[in-house]
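In this note's numbering, the protein residues as written are 1 to 471.
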């Protein structure tokens, strides 16, 4: 006879004494667990049910469970109400930490996924757990530092606290609690030839993980800056997805993973370093820690929501001289959309409807006082559109003339040879025009900046892998 429960929205840990994770027990089949969508706008019926399997891994602050589902290669990761330091030598129960850790991690991973980074995170299941792709973990902590502090200045006598690294400083530590996670040099890491799943960690893969670590740090640093919070340093881990053999960001990123200083002031720190610094831990200390972790979770939720709103906060206005140029303009629009930039299309000829062109420009300029805007002029033959717009606007203008097999070599000069006092640039490729416009606007929005940074990283990785494949 089956015992029926429904999943609890509080989502406490399975198989824990105080657990309230609700399951439906079918005879001979184990618990079938259904979960709510982490995206309230999605149809919940598309979420799969899964059978909760055995626990196959337990760490200091997390438990990992096997699951059976239509989509193979996934697992359930459940956070604990535990905070530790000193390789687990210092340990306290922190009521509510599991929920705060899960919320923080979900906000960070959803941002990184949206930026285009590959992570093991799939979606939140409930307040204490999330679904992830099964990975063989690479036993290395990758630490990126913007500011020298903590163990770095203890290990590098003579470097003053506050020294800034540009680019961020990268260090690697082998995960071994008994030996206090010893630091490994690049040479030691290469010679170790770590085997993780079906791959061996080669120098080329180390290069890729180093590049990914710096990129992850930089985009999260940019996100925190939107709240006037300095990301000082952080640690991350990578894993090899068991189903695809891809290297992805794995484990979690929560308030145990970094140092963050509001207003750049160490005295205002909100991260786990507060706990590390405590010689004795009182109930008041634990309450203060919980308030810090709650603050961090709330700030990241606000950052994530703001990034979603950023998709409409900047604009590229594409002005074409003829509707015949629509296909060329749609390529520019697609490139902008991919980078998180809103793109609007307009038709007006500087030669045939000059007054209408200037009226259109006046409207765009007025809107630009609220929404930062870059203009892209698409006109072939005698390109008067770009120069006319540039001569009557202080907004950045990019010429992107449509291709012409017969007259292209001659037509391009009307975009390049400009009257004095005009400053519009010229790019022939529509993707290049979208990228250039987005780079100009990236200073106004962390979303666009981060997508550009991740895209640059991916180009770098693709070229490296292509080169490595030749030898």
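Even glycine gets a Cβ: it sits at the ideal position worked out from N, Cα and C.
Model, not experiment: these values are computed from the prediction.
Simplified DSSP state of residue i, which is helix, strand or coil
i	result
residue 423	coil
residue 30	Its pLDDT being 38, under 50, residue 30 is placed unreliably by the model, and nothing is read from it.
residue 269	coil
residue 136	strand
residue 25	Note that residue 25 scores a pLDDT of 28, beneath 50, so its modelled location is shaky; the value from the coordinates is reported in the next line. If DSSP states are grouped into helix, strand and coil, residue 25 belongs with the strands.
residue 453	helix
residue 369	coil
residue 475	Because the chain here runs from 1 to 471, residue 475 falls outside it and cannot be looked at.
residue 309	helix
residue 391	helix
residue 415	helix
residue 284	helix
residue 440	helix
residue 459	helix
residue 470	coil
residue 445	coil
residue 54	strand
residue 277	coil
residue 245	coil
residue 303	helix
residue 435	helix
residue 397	strand
residue 10	With a pLDDT of only 37 at residue 10, under the threshold of 50, the placement of this residue in the model should not be trusted; the figure read from the coordinates follows. Coil at residue 10, not helix or strand.
residue 119	strand
According to DSSP, residues forming a beta bridge with residue i
i	result
residue 95	Bridge partners of residue 95: none, in fact.
residue 124	130
residue 234	144 and 258
residue 66	75
residue 90	85
residue 250	237
CB-CB length for residue i against residue j, believed under 8 Å
i	j	result
residue 340	residue 451	5 Å
residue 396	residue 375	7 Å
residue 77	residue 130	6 Å
residue 122	residue 106	10 Å between Cβ atoms; not a contact.
residue 134	residue 57	That belief does not hold up - the Cβ atoms of residue 134 and residue 57 are roughly 10 Å apart, past 8 Å.
residue 197	residue 136	3 Å
residue 233	residue 143	6 Å
residue 139	residue 193	Not really, about 13 Å apart at Cβ, beyond 8 Å.
residue 79	residue 98	4 Å
residue 401	residue 390	Residue 401 to residue 390, Cβ: 14 Å. No contact.
residue 351	residue 384	5 Å
residue 173	residue 141	4 Å
residue 430	residue 387	Actually they are not in contact, since the Cβ atoms of residue 430 and residue 387 sit about 20 Å apart, beyond 8 Å.
residue 116	residue 455	7 Å
Residue i at chain C interface by Cβ criterion, 9 Å
i	result
residue 195	The chain inventory of the structure shown lacks chain C, comprising one protein chain alone.
Heavy atom of the ligand ZN within 8 Å of residue i beta-carbon
i	result
residue 64	In the structure on display, the ligand ZN does not appear, and there are no ligands present to speak of.
In chain order, each alpha helix (DSSP H) run of at least 4 residues that lies wholly inside the region 145–232: Fully enclosed alpha helix (DSSP H) runs of 4 or longer: 151–155, 186–192 and 203–225.
Alpha helix (DSSP H) runs wholly inside the region 317–388, at least 4 long, in chain order: Whole alpha helix (DSSP H) segments, 4+ residues: 326–338 and 354–368.
The region 302–322 touching the region 373–383, judged by at least three CB pairs closer than 8 Å: yes
Segment contact, 8 Å Cβ cut-off, at least three pairs: the region 241–252 with the region 208–220: yes
Segment contact flag, the region 301–310 with the region 98–115, C-beta cutoff 8 Å, min 3 pairs: yes
Touching by the beta-carbon criterion (3+ pairs, under 8 Å), the region 324–333 and the region 348–360: no
Stretch-stretch touch, CB-based, cutoff 8 Å, three pairs: the region 438–454 with the region 220–232: yes
At least 3 beta-carbon pairs within less than 8 Å: the region 141–155 vs the region 64–72: no
Inter-stretch contact at 8 Å, needing at least 3 Cβ pairs: the region 261–270 / the region 226–245: yes
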